[in-house]
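Undergrad:
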């Protein structure tokens with residue numbers, strides 16, 4: 001095939017560089033369109049494999065239009081993920097602070113976390129896979145959220161009679177929810193039954209870790225975890 | 228500076244392409260040298276940022292010598308990580324199969340895991356960060372090891388009176404050790420005290436998850452986790 005004669009399909013898909021379409025949205029609305037498109041691309045491809053090219057196609061905009069709004073793919077993905085994370089960073093502390101016991105706090109926080117994940121399908125799976133990828137904005141945003149939430153949990157646990165819990169211990173438990181939830185949502189669109197099961201598994205592990213030997217009746221029985 | 232006149236330092240460091248050094252090792256020994264060098268590069272830079280160029284420098288070999296032995300960076304890193312993983316995949320089942328109770332099995336497996344991590348510093352940190360990076364051989368090797376080990380644990384747990392434990396539950400607990408250990412070793416060279424603390428945290432979480440309500444005295448008391 002000659003390079004100078006693209007197929008009709010290619011010609012229809014490919015935008016001519018430098019010519020913003022007359023039908024493109026503009027201003028704040030355009031910015032939103034691009035951020036939403038970037039999130040769709042990210043959810044499907046992850047950070048390393050996302051490209052500005054894929055985002056142009058997803059948002060149906062020209063390259064110059066993209067670069068008028070964002071410096072690069074990192075900036076737009078950072079913005080998209082930052083919004084999702086802000087939602088989590090708001091919901092989790094609210095749940096923990098309202099709790100009157102550690103048991104209630106753990107259960108409310110788990111509900112808040114899984115509700116958040118439900119609202120952000122399908123991005124949650126890609127996000128979760130990148131929590132340790134230093135190139136991806138996911139790792140930076142997650143680190144900030146974890147630090148904040150760790151402090152909130154330590155302070156609330158102290159108020160409820162558990163002062164000085166080791167941060168390594170708390171972080172490991174926060175990560176149990178993140179891992180079990182992340183794996184559940186990583187498959188794409190889990191069933192409600194799968195989500196509830198993941199929520200239940202995280203609940204037994206975290207409640208047992210904190211309350212075993214202190215309030216054994218608050219720990220869901222192991223019998224629920226045989227299949 | 229002119230491109231045609233490199234500084235003496237650059238000239239000394241840079242190998243001339245295509246001319247294997249007369250002092251290079253050869254045969255199996257050469258292969259070992261390259262694999263060890265690739266592991267050092269990987270441990271410092273991680274998969275995405277490792278390059279054949281860095282490996283040539285670390286092994287002090289020429290580019291043609293490298294490509295006589297390996298197709299690309301992925302192949303040599305896969306080989307290096309595969310050896311480390313084989314070591315783990317041997318040690319863990321041995322620990323679990325020798326146990327006469329679930330409590331003993333968990334403790335032996337945790338000891339085996341942390342001993343393995345000690346033997347493979349500093350690669351463990353990089354390895355851990357990439358368990359979800361689909362480009363890195365770490366994710367593939369970890370997936371295989373996890374599947375194998377999950378089956379061994381399920382079978383042994385059944386023998387010891389716990390048949391049918393949910394794989395999601397077991398996998399989450401295996402990952403607790405992986406996460407707490409991974410974070411501990413990711414910093415580079417943790418102190419023995421930090422390693423023991425990580426081991427202890429993983430122990431409380433896993434033992435409580437499995438044995439809370441069944442054998443409460445096997446669960447290490449929470450009082451050990453206040454700082």
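Protein chains in written order, with my numbering: chain A, 1 to 227; chain B, 228 to 454. For each residue, glycine too, the CB sits at the ideal point set by N, CA and C. Nothing here was measured: the structure is a model prediction, and the numbers come from that model.
#1: CA-CA distance, residue 38 of chain A and residue 79 of chain A?
#2: Within the same chain, show all residues whose beta-carbon is closer than 7 Å to that of residue 260 of chain B, passing over the 5 residues directly before and after it, in chain order.
#3: Grab the span of the alpha helix (DSSP H) containing residue 217 of chain A for me, first residue to last.
#4: DSSP on residue 226 of chain A, reduced to helix/strand/coil?
#5: Using only CA atoms, which one of B:449, B:324, B:309 lies nearest to residue 164 of chain A?
#6: Would you mind sorting residue 210 of chain A into buried or exposed? The rule is 16 or more other CB atoms within 10 Å of its CB.
#7: Just checking my contact of residue 42 of chain A with residue 126 of chain A at CB under 8 Å: how many whole Å lie between their CB atoms?
#8: Opposite residue 392 of chain B in the DSSP bridges: which residues?
#9: Classify residue 32 of chain A as helix, strand or coil using the three-state DSSP reduction.
#10: Could you list the residues in the region 406-420 of chain B with a C-beta less than 7 Å from some C-beta on chain A, going in chain order?
#11: Output yes if chain B places a C-beta closer than 8 Å to the C-beta of residue 3 of chain A; else output no.
#12: Roughly how many angstroms lie between the CA atoms of residue 374 of chain B and residue 410 of chain B, to the nearest whole one?
#13: Thinking C-beta only, is residue 407 of chain B closer than 8 Å to residue 429 of chain B?
#14: With distances taken Cα to Cα, identify the nearest neighbour of residue 205 of chain A among B:418, B:403, B:362.
#15: Put residue 232 of chain B into one of helix, strand or coil per three-state DSSP.
#16: Any beta-carbon of chain A closer than 8 Å to the one on residue 365 of chain B?
#17: Taking Cβ positions only, does residue 275 of chain B come closer than 8 Å to chain A?
#18: On the CB-based measure, 16 or more other CB atoms within 10 Å of its CB, does residue 158 of chain A come out buried or exposed?
#19: Quick one: residues in its chain with C-beta nearer than 7 Å to the C-beta of residue 136 of chain A, no 5 flanking neighbours on either side, listed in chain order?
#20: Quick one: grab the DSSP three-state call for residue 107 of chain A.
TA: According to the structure data:
#1: 9 Å
#2: 252, 286
#3: Run containing residue 217 of chain A: none; DSSP gives neither H nor E here.
#4: strand
#5: Of the candidates B:449, B:324, B:309, the one whose C-alpha sits nearest the C-alpha of residue 164 of chain A is B:449.
#6: buried
#7: 6 Å
#8: A:226
#9: helix
#10: 406, 407
#11: Confidence at residue 3 of chain A is low in this model, with a pLDDT of 43, below 50, so its placement is unreliable and the value that follows should be read with caution. It does not: the Cβ of residue 3 of chain A has no partner Cβ on chain B nearer than 8 Å.
#12: Approximately 22 Å between the Cα atoms of the pair.
#13: yes
#14: B:403
#15: Any reading at residue 232 of chain B must be qualified, since the residue scores a pLDDT of 43, below 50, and its modelled position is unreliable; no value is offered.
#16: Answer no: the Cβ-Cβ gap between residue 365 of chain B and chain A never drops below 8 Å.
#17: At least one chain A Cβ lies under 8 Å of residue 275 of chain B.
#18: Exposed, because fewer than 16 other Cβ atoms sit within 10 Å of the Cβ of residue 158 of chain A.
#19: 47, 130
#20: helix
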